[in-house]
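J.: Structure in structure tokens, see below.
Number of protein chains: 2
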Amino acid sequence: MSAIALGIHGGCGVMPREEMDEAGWAAARVDLARALRAGWGVLRGGGSAVSAVEAAVMVMEDSPHFNAGRGAALNIDGEPMLDAAIMDGATLAAGAVSAVGRTRNPVRLARALMDAGESVMLTGPAADRFAETHGLPVVDPDWFITDRQRAALARMKARRAAGATATEAEKHGTVGAVALDADGHLAAATSTGGFTNKPAGRVGDSPIIGAGTYARDGACAASGTGAGEFFIRHVVGHEIASRMRYLGEDVATAASRIVFEDLAPYRIGAGLVAIDGAGCVVTPYNTAGMFRGWITAEGRMHVATHDEVFVVEA
Amino acid sequence: MSAIALGIHGGCGVMPREEMDEAGWAAARVDLARALRAGWGVLRGGGSAVSAVEAAVMVMEDSPHFNAGRGAALNIDGEPMLDAAIMDGATLAAGAVSAVGRTRNPVRLARALMDAGESVMLTGPAADRFAETHGLPVVDPDWFITDRQRAALARMKARRAAGATATEAEKHGTVGAVALDADGHLAAATSTGGFTNKPAGRVGDSPIIGAGTYARDGACAASGTGAGEFFIRHVVGHEIASRMRYLGEDVATAASRIVFEDLAPYRIGAGLVAIDGAGCVVTPYNTAGMFRGWITAEGRMHVATHDEVFVVEA
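Residue numbers (the numbering used here), protein chains in the order written: chain S, 1 to 314; chain W, 1001 to 1314.
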């Protein structure tokens, strides 16, 4: 029996405190805690790391507080276009989907694709059709759209029309989870709407195995959030694993190296959650805040949006 | 001034000799030589590695002999659905496209996307629209379809209907190029139609930066061909670079390790072309044949489909 552990993120960004009242931040923390409990329940019941990260991410997809599933950022055409991936560190099996428009929980679709064992990645309407034929809930695209994201798109388009560019605060947000199960296996999952006003057809790092999502027993599981293009170019998840495997770095050193050194020259927002085979969870980020949470073997649950970390009942 | 060098592949597979008469194999070698000359002309003129790999891959996309661009394998719906990527080892800039259906040269689209400097990856009809708005030639999907690929799809569907699964010979084929330019920079590009009768929406490793396409100065450039799902799961291109950077392996050792050890347990077809900063080109493959070619600093050109390597006029 291995120790079990779980870590999640709900996106990083400038996240000005005045953007929401304290009740808003508290509500987001409540949903982070719900996501942790969902994954933790799986792990405590002897379930797999894969099922735990899927369960945790599904809660954040269904919550309107995060940029994934319901509440996802809208693209330039006003549409939700969702990306997600999941990876099993025990087998290196993986599932990934991009440009999903109707599947309620893209991470479940990624999981179903992985379990089917043929394609690793599907894109576009065919991915939604795969969900339908595999009995997963599909919804009208309006289901994903919240007033907050509609307003964010309108603000962004107005500012673009006035010649301004997107702020970092508007560009980020993604959800993800990493877990270590009682059999000692690692897994990672990530789900996102990308960023507000993103180009039609744009795919970020979340569904790119090795970049925004990666898991390998004996090294780490990792899920990223931030300016995805740079996570793709730096193959972030696999880079952390490689530094651990080949340079003998620990997960904190390898993850910090990427976020605070490799990605620093680009002056972009970046964060991630990573876990190693001993259940050590790290959540480095270079922005003002990152929605995040973790539970370690002794069962103590932590959630945070900015500097302060809240310990809550697991 | 650095030495210049160029390597290409046109896909690996069982490639039974009796599938084509000797004239057919010779015709494919002629187009491999044309692709090499196109890239070599760029390098000799002082052009960048990025432009060289783009030029070489474009020749193979336009040739009906390879599974990319014109002559690409058709998916289960009888459609060409093309993936491609390009990466600049000097800057780690990259461009990647998946599920392209109308852009004549997907590698040019990937290059235009990289040069635009915003999204790294676009998918689906939006990628074709990007090509149109950037002045790249778009064609009717019929332009890509050859009698040979139509017949291959019919054969495959007939065999599936009879309960048989695809042979390795039918599953492979992709084109790619790697180059070292006079300024010492590396680049890689890959383009593919996937495999005959592939699921709608399936994306392989070719457009996944770090998997089927990767380049980093100081390490290597690599382009893969084979059962793409396993290249994604093993993050093949970035794995070669990591072994070179962190374990000090040379490109031949690192590339062979992936093809003959890491991927061996899956019993899948796999091949790749890789190059290091000294211009050493390697082309490991575990199948009966791989379309391939290379030119090294002294200007001698080699092309091959099976064991024999032909030296031809550069």
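Where a beta carbon is used, it is the ideal one built from N, C-alpha and C, also for glycine.
Quick test of your reading: W/Ala1221 and W/Ala1254, contact by CB under 8 Å. State the CB separation rounded to the nearest angstrom.
T.: To locate residue 1221 of chain W, count along the second sequence from 1; it is residue 221. To locate residue 1254 of chain W, count along the second sequence from 1; it is residue 254. Not confirmed; about 13 Å, so no contact.
J.: Note down, in chain order, every chain S residue with its Cβ under 8 Å from the Cβ of W/Met1060.
T.: As a working note, residue 1060 of chain W is residue 60 in the second sequence. In chain order: nothing, as chain S lies at least about 23 Å away.
J.: Considering only C-alpha positions, which residue in the set W/Ala1288, W/Ala1085 and W/Asp1077 is nearest to W/Met1015?
T.: Numbered from its first residue, the second sequence carries residue 1015 of chain W at position 15. Nearest C-alpha to W/Met1015: W/Ala1288.
J.: I need the straight-line Cα distance from W/Met1087 to W/Val1175, nearest angstrom please.
T.: Within the second sequence, numbered from 1, the residue matching residue 1087 of chain W stands at position 87. Within the second sequence, numbered from 1, the residue matching residue 1175 of chain W stands at position 175. Using only the alpha carbons, I get a separation of about 15 Å.
J.: What does the alpha-carbon distance come out to for the pair S/Ala56 and S/Val273?
T.: Indexing the first sequence from 1 puts residue 56 of chain S at position 56. Indexing the first sequence from 1 puts residue 273 of chain S at position 273. Computed Cα separation, rounded: 13 Å.
J.: Answer with yes or no whether the minimum CB distance from W/Thr1123 to chain S is below 8 Å.
T.: Mapped onto the second sequence, residue 1123 of chain W falls at position 123. So yes, W/Thr1123 belongs to the interface.
J.: When DSSP labels each residue in this structure, what does W/His1281 get in the three-state scheme?
T.: Within the second sequence, the letter at position 281 stands for residue 1281 of chain W. The residue you asked about is not His; residue 1281 of chain W is Val in the sequence shown. Three-state result, W/Val1281: strand.
J.: Go ahead and pull the three-state DSSP assignment for S/Phe310.
T.: Taking the first residue of the first sequence as position 1, residue 310 of chain S is located at position 310. Here S/Phe310 sits in strand by DSSP.
J.: Do the segment 110-129 of chain S and the segment 1115-1132 of chain W meet, that is, are 3 or more Cβ pairs less than 8 Å apart?
T.: The segment 110-129 of chain S vs the segment 1115-1132 of chain W: in contact.
J.: Go through its chain and collect everything with a Cβ distance to W/Ala1131's Cβ below 6 Å, but skip five positions before and after it.
T.: In the second sequence, the residue the question calls residue 1131 of chain W occupies position 131. Cβ neighbours of W/Ala1131 beyond the five flanking positions: Thr1103, Leu1109 and Val1138.
J.: Are W/Ala1084 and W/Ser1206 closer than 8 Å when you measure CB to CB?
T.: In the second sequence, counting from the first residue as 1, residue 1084 of chain W sits at position 84. In the second sequence, counting from the first residue as 1, residue 1206 of chain W sits at position 206. Yes; because the gap between Cβ atoms is below 8 Å, this pair is in contact.
J.: Report the rounded CA-to-CA distance for W/Ile1208 versus W/Leu1006, giving the unit in angstroms.
T.: Here residue 1208 of chain W refers to the residue found at position 208 when the second sequence is read from its first residue. Here residue 1006 of chain W refers to the residue found at position 6 when the second sequence is read from its first residue. Approximately 22 Å between the Cα atoms of the pair.
J.: Taking the alpha helix (DSSP H) that S/Arg44 belongs to, which residues open and close that run?
T.: Locating residue 44 of chain S in the first sequence gives position 44, counting from the first residue. S/Arg44 -> alpha helix (DSSP H) spans Glu22 to Arg44.
J.: Just reading off the beta strand (DSSP E) that W/Ala1214 is part of, what are its end residues?
T.: Here the question's residue 1214 of chain W lines up with position 214 in the second sequence. In the sequence as displayed, the identity of residue 1214 of chain W is Tyr instead of Ala. Element bounds for W/Tyr1214: Thr1213 to Ala1215.
J.: Does the distance from the CB of S/Gly39 to the CB of S/Val30 come in under 8 Å?
T.: Position 39 of the first sequence, counted from the first residue, corresponds to residue 39 of chain S. Position 30 of the first sequence, counted from the first residue, corresponds to residue 30 of chain S. Result no, Cβ atoms of S/Gly39 and S/Val30 do not sit closer than 8 Å.
J.: Does any residue of chain S bring its CB to less than 8 Å from the CB of W/Tyr1285?
T.: The residue you call residue 1285 of chain W lines up with position 285 of the second sequence. So, not an interface residue.
J.: Report the three-state DSSP secondary structure of W/Ala1073 (helix, strand or coil).
T.: Start at 1 with the first residue of the second sequence, and residue 1073 of chain W comes out as number 73. Three-state DSSP puts W/Ala1073 in coil, outside helix and strand.
J.: Does the distance from the C-beta atom of W/His1009 to that of W/Thr1283 stay below 8 Å?
T.: Here residue 1009 of chain W refers to the residue found at position 9 when the second sequence is read from its first residue. Here residue 1283 of chain W refers to the residue found at position 283 when the second sequence is read from its first residue. The answer is yes: Cβ separation under 8 Å.
J.: Nearest chain C C-beta to W/Pro1137 closer than 8 Å, yes or no?
T.: As a matter of chain content, chain C is missing from the structure shown, whose protein chains are S and W.
J.: Got a sec? Which residues, its chain only, sit under 6 Å from S/Thr146 by beta carbon, not counting five neighbours each side?
T.: Your numbering for residue 146 of chain S matches position 146 in the first sequence. For S/Thr146, where only same-chain residues beyond five positions count, the Cβ hits under 6 Å are Pro64 and Gly71.
J.: Taking contact to mean at least 3 C-beta pairs separated by less than 8 Å, is the segment 1230-1248 of chain W in contact with the segment 294-312 of chain S?
T.: The segment 1230-1248 of chain W vs the segment 294-312 of chain S: no contact.
J.: State the start and end residues of the unbroken alpha helix (DSSP H) segment that holds S/Asp62.
T.: The residue labelled residue 62 of chain S in the question sits at position 62 within the first sequence. Here the alpha helix (DSSP H) through S/Asp62 covers Ala49 to Asp62.
J.: Under 8 Å, do W/Ala1179 and W/Leu1043 count as touching if we go by C-beta distance?
T.: In the second sequence, residue 1179 of chain W corresponds to position 179, counting from 1. In the second sequence, residue 1043 of chain W corresponds to position 43, counting from 1. Yes, they are a contact pair.
J.: Between which two residues does the alpha helix (DSSP H) carrying S/Ile232 extend?
T.: Residue 232 of chain S sits at position 232 when you count from the first residue of the first sequence. Per DSSP, S/Ile232 belongs to the alpha helix (DSSP H) from Gly228 to Arg233.
J.: For W/Ser1256, collect the residues of the same chain with a Cβ closer than 8 Å to its Cβ; drop the 5 residues on either side in sequence, then sort them by chain order.
T.: Residue numbering aside, residue 1256 of chain W sits at position 256 when the second sequence is read from its first letter. Cβ neighbours of W/Ser1256 beyond the five flanking positions: Val1282 and Pro1284.
J.: From S/Val309 to S/Val303, what does the alpha carbon distance come to, in whole angstroms?
T.: As a working mapping, residue 309 of chain S is identified with position 309 in the first sequence. As a working mapping, residue 303 of chain S is identified with position 303 in the first sequence. The straight-line gap from Cα to Cα measures roughly 6 Å.
J.: Can you confirm whether S/Leu92, when its beta carbon is compared against all beta carbons of chain W, has any partner nearer than 8 Å?
T.: Sequence index remark: in the first sequence, residue 92 of chain S carries index 92 (1-based). Yes, S/Leu92 lies at the interface with chain W (some Cβ there is under 8 Å from its Cβ).
J.: Alpha carbon to alpha carbon, how far is W/Gly1293 from W/Asp1250? Give it in angstroms, no decimals.
T.: Walking along the second sequence from the start, residue 1250 of chain W turns up at place 250. Walking along the second sequence from the start, residue 1293 of chain W turns up at place 293. Taking the straight line joining both Cα atoms gives about 20 Å.
J.: Hey, how far is the Cα of S/Asp142 from the Cα of S/Val97?
T.: On the first sequence, position 142 is the one that residue 142 of chain S refers to. On the first sequence, position 97 is the one that residue 97 of chain S refers to. So the alpha carbons of these two residues sit roughly 20 Å apart.
J.: Could you give the distance in angstroms between the alpha-carbon of W/Asp1183 and the alpha-carbon of W/Ser1002?
T.: In the second sequence, the residue the question calls residue 1183 of chain W occupies position 183. In the second sequence, the residue the question calls residue 1002 of chain W occupies position 2. If you take the alpha carbons of W/Asp1183 and W/Ser1002, they lie about 6 Å apart.
J.: 8 Å is my cut-off, CB to CB: does S/Gly17 come that close to chain W?
T.: Taking the first residue of the first sequence as position 1, residue 17 of chain S is located at position 17. The question names Gly, yet the displayed sequence has Arg at residue 17 of chain S. No, S/Arg17 does not count as interfacial toward chain W.
J.: Give the interface partners of S/Pro199 over in chain W, defined as CB-CB distance under 9 Å, in chain order.
T.: Taking the first residue of the first sequence as position 1, residue 199 of chain S is located at position 199. Neighbours of S/Pro199 on chain W, chain order: Glu1118, Ser1119, Leu1122, Ala1126 and Phe1130.
J.: Between W/Ala1211 and chain S, is there a C-beta pair that is closer than 8 Å?
T.: As a first step, residue 1211 of chain W is located in the second sequence; it is residue number 211 there, counting from the start. Output row for W/Ala1211: interface = yes.
J.: If the cut-off is 9 Å on Cβ atoms, which residues from the segment 1093-1113 of chain W count as contacting chain S, listed in chain order?
T.: Those residues of the segment 1093-1113 of chain W that come within reach of chain S (Cβ to Cβ, closer than 9 Å) are Ala1093, Ala1094, Ala1096, Val1097, Ser1098 and Ala1099.
J.: Give a yes or no on whether the minimum CB-CB distance between W/Leu1247 and chain S is below 8 Å.
T.: One-based indexing of the second sequence puts residue 1247 of chain W at position 247. True, the Cβ-Cβ gap to chain S drops below 8 Å.
J.: Look up S/Ala254 in the DSSP assignment and say whether it is helix, strand or coil.
T.: Position 254 of the first sequence, counting from 1, holds the residue named residue 254 of chain S. Helix.
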